[in-house]
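Notes to accompany the following structure.
Protein chains in written order, with this note's numbering: chain H, 1 to 139; chain A, 140 to 285.
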C-alpha cells in the first residue's frame with residue numbers, strides 16, 4: 001500500500017508540474033527575470049501548493065506515525081548554517097542559468113529532449129560530487 | 140516592472156500548484172515522508188537502503204507523468220534557452236547546491252514553508268535571490284543565455 005501511495009504521489013506531483021508550467025524552462029526563466037517581461041505565474045504555483053499542503057503538513061508535525069503506520073520522518077535540524085545558505089545560493093545560480101530545478105528535471109526526462117538528458121546527467125554528477133566531498137570530509 | 144500579461148497563466152499555475160501540494164500532502168500523510176526531489180534522488184545515489192523502494196516509486200511516478208499526460212492531451216510547451224555548456228554548468232550547480240543546502244524548490248519551497256520551518260524559509264529566500272540575480276546578470280548585464 002505504501003508503495004502505491006508513493007507512486008501516486010509522484011505521478012500527481014509530475015502532472016502538477018506540467019500543468020503549472022514549471023516543467024517549461026523558458027517559463028521558469030521568465031518568472032526569474034524581474035527586469036524583463038516578468039511572468040508572475042510561478043508565484044501562483046507556490047501559493048497553490050502551500051495553500052493545499054499547509055494543513056496536512058501541520059497535522060504531520062504533531063504525529064509520530066503516518067496514516068499507514070510508517071514513522072513520520074520530518075527534518076529536525078534547526079541551525080541556519082553556512083552549508084544551508086551557501087548550498088541554496090549555488091542552487092539558485094544554476095536554476096537561473098537553465099530554468100530547471102530537480103523535480104522538473106525528472107518530469108521532463110522522458111519527453112525526448114536531449115537537453116533534459118544532459119541536464120540530468122550533470123545534476124547527478126553534482127550530487128555525486130557532493131557525496132564524494134562529504135565522504136572525504138568524514139575520513 | 141513590466142508584467143508579461145500575454146504569457147501569464149494564473150489559473151493553470153494555481154491548479155498545478157494545488158496538485159503539487161496535494162501530492163506532497165499524500166506523501167507525508169500516507170508515507171510519513173517529505174516530497175523533496177533532490178533529497179529523494181540524493182539518498183538513492185548514496186545507496187541508503189532506508190525506504191529505497193518508496194523513494195524510487197515516487198520518482199518513477201514523477202518520471203512517467205508526461206507519458207500519462209500524453210495519452211490524453213498534447214504535452215505543454217517545454218522550451219530550453221540554454222545550450223550544452225549552460226545545461227552542464229547549471230546541472231552541476233543544481234546538483235551540488237541542493238545537496239549542500241539540503242533541499243530544493245519542492246523540499247524547502249513547498250514542504251518546508253508549509254511546515255513553517257525557518258531553515259526552509261531562509262533556503263527559499265537564498266535560492267530565489269540568487270535565481271533572480273543569475274538571470275539578471277546573464278540576461279541584462281552579459282546579454283546572453285549560456
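Note that beta-carbon positions come from the ideal geometry of N, C-alpha and C, so glycine has one too.
- The beta carbons of residue 161/A and residue 16/H sit closer together than 9 angstroms.
- The residue among 59/H, 48/H, 9/H with its C-alpha nearest the C-alpha of residue 74/H is 59/H.
- DSSP, reduced to helix, strand and coil, places residue 75/H outside both helices and strands of the structure shown, so it counts as coil.
- Using a C-beta cut-off of 8 angstroms, the stretch 233-251 of chain A makes contact with the stretch 75-95 of chain H, since at least three inter-stretch Cβ pairs fall below that distance.
- Straight across, the Cα-Cα distance linking residue 95/H with residue 164/A is about 25 angstroms.
- In this structure, the straight-line span from the alpha carbon of residue 156/A to that of residue 139/H is close to 42 angstroms.
- Against chain A, the CB of residue 2/H has a partner CB under 9 angstroms away; the residue lies at that interface.
- The DSSP-derived three-state label of residue 60/H is helix.
- Residue 233/A places its beta carbon less than 9 angstroms from that of residue 105/H.
- Listed along chain A, no residue sits closer than 9 angstroms to residue 132/H by beta-carbon distance, the nearest being about 10 angstroms off.
- Secondary structure at residue 65/H: strand, using DSSP grouped into helix, strand and coil.
- Between residue 55/H and residue 44/H, the alpha-carbon positions lie close to 18 angstroms from each other.
- For residue 111/H, there is no enclosing alpha helix (DSSP H), as DSSP marks it with neither H nor E.
- When the Cα atoms are used, residue 178/A and residue 172/A turn out to be separated by approximately 11 angstroms.
- One Cα belongs to residue 144/A, the other to residue 259/A, and the distance between them is close to 30 angstroms.
- Residue-level contact by beta carbon fails for residue 282/A and chain H, as no gap is shorter than 9 angstroms.
- Chain A places no beta carbon closer than 9 angstroms to that of residue 137/H, leaving this residue out of the contacts.
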